[in-house]
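Notes to accompany the following structure.
Protein chains: 2
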Amino acid sequence: MYGAGDVRLVDAPDPVIEQPTDALIRVVRTCVCGSDLWTFADMEPSEQGQAMGHEAVGIVEDAGKDVATVKTGDLVIMPMFTADGSCSFCCEGLTSACRHVGFFGRMGFPGAQAEAIRVPHADANLVRVDAAPDDAIVPSLLTLSDVMATGHHAAIGAEVKRGGKVAVVGDGAVGLCGVIAARRLGAEQIIVLGHHDDRTNLAREFGATDVVSVDGEEAVEQVRLLTGGTGAHSVLECVGTEAATATAVEIARPGGAVSRVGVPHYAGIPAFPTWVKNIRVAGGPTPVRPYIDTLLRDVLDGTIQPGRVFDRTIELAKVADAYQAMARREALKVLLNP
Amino acid sequence: MYGAGDVRLVDAPDPVIEQPTDALIRVVRTCVCGSDLWTFADMEPSEQGQAMGHEAVGIVEDAGKDVATVKTGDLVIMPMFTADGSCSFCCEGLTSACRHVGFFGRMGFPGAQAEAIRVPHADANLVRVDAAPDDAIVPSLLTLSDVMATGHHAAIGAEVKRGGKVAVVGDGAVGLCGVIAARRLGAEQIIVLGHHDDRTNLAREFGATDVVSVDGEEAVEQVRLLTGGTGAHSVLECVGTEAATATAVEIARPGGAVSRVGVPHYAGIPAFPTWVKNIRVAGGPTPVRPYIDTLLRDVLDGTIQPGRVFDRTIELAKVADAYQAMARREALKVLLNP
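Those protein sequence lines, which keep their order, are chains E and U. Here my numbering is used: the first residue of the first sequence is -12, the next is one more, and so on. Here my numbering is used: the first residue of the second sequence is -12, the next is one more, and so on.
In structure tokens, the structure reads:
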């Protein structure tokens, strides 16, 4: 990415092992994230550009001499960022706060929208998968790099409980994965707020019980009616805008919880409405690696099928088309084939 | 209160039993709350005025025929608001969200800065105390009406854990009770942020391990150093201003929790700083009654002595002086003697 709207396919040198804890992976599938669209919309022009992408399933091509858990030929899932696996935050499971965190596709770090990528601290990050790299399973594995893990983080932050009433604000790929996560955690009612019929229909297939397709006060009123007048115990805010956050807070039940997983593109969370209702607000960058460990079995046995959020596949050579299709909301989430 | 700065002692009709679930109590001690000072600072002039005060320890003078748990002559603690004790929120313990909540001293509801007061739903609200109404114990009992319960709510919202590092923003009566609560819950380190030597000295007696008396970025830096570079697991924001909230968020450890118990006098909780650190934000009006049940034993056996936050006693007849003394920060918290 060389600036807003300026996506270019360029030849880059092959990555090489730099540290004995590195691994190189050949990318089997990568994709475009909703968060990449913010960069696509507002990046300042840059001469050196930024390698993009942070989601990948790949095959290990080479590994440094200290790497013990993956080897050449292994199918692996790569989390959206690399953590050292040994600092106090990693030990607590909050890998996204790692003291040596490196976000792929940001601030000069390598991007996954590529043929190959170098992964530092391979043992702490890559997860070996005992499966064939076929089209039936790879898309769902790929969602564990970010979007399904992020939907799970939203559900955890919103304290989704068995039997609870849940609302998901947003019908993008994260929102849909939030529906999957809420269902998986046993929510009794899952209301999705979104405008796109194809997406809210998929949400229903994922377990949503109700769809609210209006906005603002009307949406708040509908959620109130659907929840017996009190609001949702758990609200997953999966958009990242001021309006979505205000709605999320308004539809939360007193004593409930709101989580925000989209990068916030607004200044403040409404202070008084959260206070007066004793609402807990949580969320942030997803600690991906521990969540892969939690979610992988359900993906492998087909209990959850988050790969269904991909509704288009494009060759990596035409990556600019993928950004366009998602920015224009013609595609929900695009799989890239290097 | 008839407007900002306009406190008057007036003769009012004696309250009477209106519902069979009411009780009348003769006020033994009441007090002025930090939240009353907001009203004292900015109330619009009003002809009918507002009876003030929401904290009381009293003796039951009369009880309606359906009241079963207290009787004439009992010493009781009155929570700062009345709840019905039977709605879904009360059953979950969030009495402050009761469907029939009534806040004493607000919006036309009776005030406790009086000789007597009518308490609706007496069984659900009043807590009988098996003690003599003497000066050794009554002040501490009185703090269970609000300020000590609120300090406890702050500690619960900030998820204070045994061995945790805690920061308390503000050295007012709520902050000091937050220190007591954090200590009681087993915090290993308790840093209090405040400017008043007499108050921070009392905080140390209550269990604070460190005092930070500077502001803004300097305070943030000191807390960082005191916590080994990472910030506090739990931050209790006990002021209610924008600056205090910004500081609270900045001194929280990634993955930590911030609670806010002062009525927020600002628009928004910083959205990005809370998000990027995965901080949970909680807090709101204190569900007092369940907390009295939790805290009363520790007050009665002297384990905690929150009544020490009262540093002055004034006759109810001179209630205006009490507001002045607290507004000028000459008194920390004033006990009123009807």
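All residues carry an ideal CB built from backbone N, CA and C; glycine is no exception.
> Which chain U residues are close to residue 79 of chain E, counting only those with a beta carbon under 9 Å from its beta carbon?
Replying inline: 242
> Count the other CB atoms within 10 Å of the CB of residue 68 of chain E; is the residue buried (16 or more) or exposed (fewer)?
Replying inline: buried
>> With H, G and I counted as helix, E and B as strand and the rest as coil, what does DSSP make of residue 38 of chain U?
In response: coil
>> Tell me the residue span of the beta strand (DSSP E) that contains residue 243 of chain U.
In response: 239 to 247
> Between which two residues does the beta strand (DSSP E) harbouring residue 295 of chain U extend?
Replying inline: First-last for residue 295 of chain U: undefined, no H or E at that position.
> Candidates U:29, U:82, U:38 and U:4: which alpha carbon is nearest residue -4 of chain U's?
Replying inline: U:38
> Any idea if residue 219 of chain U is buried or exposed, counting beta-carbon neighbours within 10 angstroms, 16 or more meaning buried?
Replying inline: buried
> Which whole-angstrom value describes the C-beta separation of residue 165 of chain U and residue 142 of chain U, a residue pair presumed to lie in contact below a C-beta threshold of 8 Å?
Replying inline: 6 Å
> So which of U:23, U:310, U:311 and U:302 has the shortest CA-CA distance to residue 325 of chain U?
Replying inline: U:302
> So, helix, strand or coil for residue 50 of chain U, using DSSP?
Replying inline: strand
>> Would residue 168 of chain U and residue 144 of chain U be called neighbours here (beta carbons separated by less than 8 Å)?
In response: no
>> Against residue 251 of chain U, what residues of chain E qualify as contacts under a CB-to-CB distance less than 7 Å, listed in chain order?
In response: 258, 259 and 262
> Are the C-beta atoms of residue 267 of chain E and some chain U residue less than 8 Å apart?
Replying inline: yes
>> Counting only Cβ pairs nearer than 7 Å, list the residues of chain E close to residue 66 of chain U.
In response: Going along chain E, no residue has its Cβ under 7 Å from residue 66 of chain U, so there is no contact; the nearest lies around 15 Å.
>> Any beta carbon from chain U within less than 8 Å of residue 271 of chain E's own beta carbon?
In response: yes
>> Please state the DSSP three-state secondary structure of residue 311 of chain E.
In response: helix
> Helix, strand or coil for residue -3 of chain E per DSSP?
Replying inline: coil
> So, do the stretch 99 to 114 of chain U and the stretch 12 to 22 of chain U have three or more beta carbon pairs nearer to each other than 8 Å?
Replying inline: yes
> What does residue 76 of chain E touch in chain U if you count any residue whose Cβ is under 8 Å from its own?
Replying inline: 241 and 242
> Does the beta-carbon distance from residue 140 of chain U to residue 158 of chain U come in below 8 Å?
Replying inline: no
>> Need the endpoints of the alpha helix (DSSP H) that residue 22 of chain U sits in, please.
In response: 21 to 29
> Can you name, in chain order, every residue of its own chain whose Cβ lies under 8 Å from the Cβ of residue 285 of chain U, other than the five neighbours on each side?
Replying inline: 171 and 291
> If we ignore side chains and look at the alpha-carbon of each, how far apart do residue 125 of chain E and residue 60 of chain E end up?
Replying inline: 15 Å
> Is there at least one Cβ from chain E nearer than 8 Å to residue 83 of chain U's Cβ?
Replying inline: yes
> When you compare each of E:221, E:44, E:252 and E:210 to residue 120 of chain E by their alpha carbons, which one comes out closest?
Replying inline: E:44
>> Can you tell me whether residue 164 of chain E is helix, strand or coil according to DSSP?
In response: helix
> When you compare only the Cα positions, how much space is there between residue 77 of chain E and residue 94 of chain E?
Replying inline: 21 Å
> If you count every other CB in all the chains shown that lies within 10 Å of the CB of residue 216 of chain E, and 16 or more means buried, which is it?
Replying inline: exposed
> Hey, is residue 40 of chain E's beta-carbon within less than 8 Å of any beta-carbon in chain U?
Replying inline: no
>> Measuring straight from C-alpha to C-alpha, what distance separates residue 222 of chain U and residue 5 of chain U?
In response: 43 Å
> Quick one: Cα of residue 266 of chain U to Cα of residue 235 of chain U, how far?
Replying inline: 11 Å
> Got a sec? Which residues, its chain only, sit under 8 Å from residue 1 of chain U by beta carbon, not counting five neighbours each side?
Replying inline: 103
> Under the rule that 16 or more other beta-carbon atoms within 10 Å means buried, what is residue 281 of chain E, buried or exposed?
Replying inline: exposed
>> Taking 8 Å as the threshold (C-beta atoms), are residue 72 of chain E and residue 370 of chain E in contact?
In response: Absent from the model: residue 370 of chain E. The displayed extent of chain E is -12 to 325, so no value can be given.
> Is residue 179 of chain U near residue 190 of chain U, with beta carbons less than 8 Å apart?
Replying inline: yes
> Which residues in the same chain as residue 53 of chain U place their Cβ atom closer than 7 Å to its Cβ, once the five residues preceding and following it in sequence are excluded?
Replying inline: 7 and 8
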